[in-house]
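*Asks:*
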Amino acid sequence: MNFYFEAAKTLDRLDSKQGSIKGVLASLPEKNRKRTTALVIETLKCKVEGIIRILNHKVVLTDIIEEAKLLKEERKITSLNLALVLVHDLLLSGGIQAGDGPVKQAILRHKTRLHGELQKIKIKRGVKTDTELAQTADPRAARIPRHVRVNTLIWSTDEAVKSLMSQGFIVSDPFESEWVCLPNFTADTPLIPLLYATRTSFMRDKHIPDLLSFSPRVTFHDDPLYTAGKIILQDKASCFPATVLAPPANDNTFVIDATSAPGNKTSHLSALMKNKGKVSDFGAHNGSGIVNRLDHLLETEIEDDGDQEDRLKRLASFQVMMVKHAMRCEPIVYVEWLF
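This is the structure we're talking about:
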């Protein structure tokens, strides 16, 4: 049960804006970090409701908890966020993963009512699955691919593609559903539907060599290719700097990476340089995750165009200052800054 209390405290910190999602999750105790992270992210996905009408910002799980009068009737449930993580697992994750106790029993006493309220919300919104309830308010989020960069210091992109295909993936647009003919079937065999394309398809990126695009629903955190370092989870935006710089792969090349946190660009430079030359790295955040950041899960209202434009202008001003400073150094052959 301590795990649920830790997840609830994490949500409390996020609600009080004590840091970004990534920053807060990184500060969690390592023992339960992976499990807590998964629960927090999934809870936030369900917590954020698509904005159906202006000023209608109610959230899925909160609606269920309020309708069931859970916090009013159960004093053991001391906060909304504790209720959120417990109700999430009860309704959407196969049950509460903790031993029996007063807190768990407080939730289970309302099990039937909670399931009933979940079904009511599904009917009201016209959805059939739990997954559909977790769609974010920003429709662009569902169209942002999950990008995977092949670590060419270990193997080639062609080898990576073959390995993924052996796992059942298909080389095609991950955002298009299609009917395909399974391997080893003849032309006379009727077409057989494979798994939905968003789950099985991937394609090579059109602009960044060695970058592969998948559906955002595909995860690799437990995949052997990821744990072995053969693939790197890296947003497309953060792949542009090293690609545009295109440092020569020779022993005389010296690159200064002034935006090396958390290190994906640095490793990308190393791959392009084929482990030759030198790379000096210094930590600084350049904003490359501005579109694909997790923090959209915390937003309770739509950011208007003015706010977004102001944020981009401030970022651009900072970039210009950094480039001008870099130009003072000698001898500099080329300065490049992208986000």
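Residue numbers (this note's numbering): 88 to 426. The beta-carbon is built from N, C-alpha and C at its ideal position, and this holds for glycine as well. These numbers come from a predicted model, not from an experiment.
1) For L171 versus L148, is the C-beta spacing smaller than 8 Å?
2) Give the DSSP bridge partners of H234, in chain order.
3) Please name the residue, chosen from S250, A94 and E396, that lies closest to P116 on a Cα-to-Cα basis.
4) For the alpha helix (DSSP H) that contains M252, what are its first and last residues?
5) For a test of the three-state rule: what should DSSP assign to K365, helix, strand or coil?
6) Relative to the alpha-carbon of M408, which residue among A345, K365, D297 and K156 has its alpha-carbon at the smallest distance?
7) For M88, which residues does DSSP report across the bridge?
8) Nearest to G323 by CA position, among K411, I231 and S114, is which residue?
9) Could you tell me the alpha carbon to alpha carbon distance between L205 and L169, rounded to whole angstroms?
10) Buried or exposed for F369, please, with buried defined as at least 16 other CB atoms from any protein chain shown within 10 angstroms of its CB.
11) On the three-state DSSP scale, how would you describe S288?
12) Is the region 325-339 touching the region 241-254 in the sense that three or more CB pairs, one from each, lie closer than 8 Å?
13) Sort L178, L101, L251 and Q105 by Cα distance to P311 and report the nearest one.
14) Considering just the uninterrupted stretch of the beta strand (DSSP E) at D176, what are its terminal residues?
15) Determine the contact status of T340 and M360, defining contact as a CB-CB distance below 8 Å.
16) Quick one: give me the first and last residue of the alpha helix (DSSP H) that V57 is part of.
17) Out of S325, T123 and R120, state which residue places its alpha-carbon closest to the alpha-carbon of R233.
18) Determine the contact status of A179 and L201, defining contact as a CB-CB distance below 8 Å.
19) With DSSP as the reference, identify every bridge partner of I343, one or two as the case may be.
20) In the DSSP assignment, find the beta strand (DSSP E) that holds I210 and state where it starts and stops.
21) Got a sec, what are the start and stop residues for the beta strand (DSSP E) I319 sits in?
22) Between L240, N89, S288 and E160, which lies nearest to S259 when the distance is taken from Cα to Cα?
23) Once you ignore the five residues that flank F433 on each side, which residues in its own chain have a CB closer than 7 Å to its CB?
24) When you compare each of A315, P189 and H308 to L240 by their alpha carbons, which one comes out closest?
25) For A125, which residues from the same chain have a beta carbon less than 6 Å from its beta carbon, with the 5 sequence-adjacent residues on both sides left out?
26) Since N351 is in the alpha helix (DSSP H), which residue starts that stretch and which ends it?
*Replies:* Short version:
1) Yes. Within cutoff.
2) S300
3) Ranking S250, A94 and E396 by Cα distance to P116 puts A94 first.
4) T244 to S253
5) The three-state secondary structure of K365, taken from DSSP, is strand.
6) A345
7) Answer is none; M88 lacks a bridge partner.
8) The question names Gly, but residue 323 in the sequence shown is Lys. Closest option to K323, Cα to Cα, is I231.
9) 18 Å
10) exposed
11) Reduced to three states, the DSSP call for S288 is strand.
12) no
13) L251
14) Run containing D176: none in the beta strand (DSSP E); it sits in the alpha helix (DSSP H), L167 to L179.
15) yes
16) Here the chain covers residues 88 to 426 and nothing more, so residue 57 does not appear.
17) S325
18) Correcting the residue type first, residue 179 is Leu in the shown sequence and not Ala. Their beta carbons are not under 8 Å apart, which means L179 does not touch L201 by this criterion.
19) Within the DSSP secondary-structure output, I343 pairs in a beta bridge with S367.
20) Boundaries around I210 are those of the alpha helix (DSSP H), K198 to R212, since no beta strand (DSSP E) includes it.
21) I318 to L320
22) S288
23) Nothing can be reported for residue 433: it is not among the residues displayed for the chain, which extend from 88 to 426.
24) For L240, the closest of A315, P189 and H308 by C-alpha to C-alpha distance is A315.
25) Excluding positions up to five away in sequence, the list is empty.
26) Its alpha helix (DSSP H) spans residues N351 to L359.
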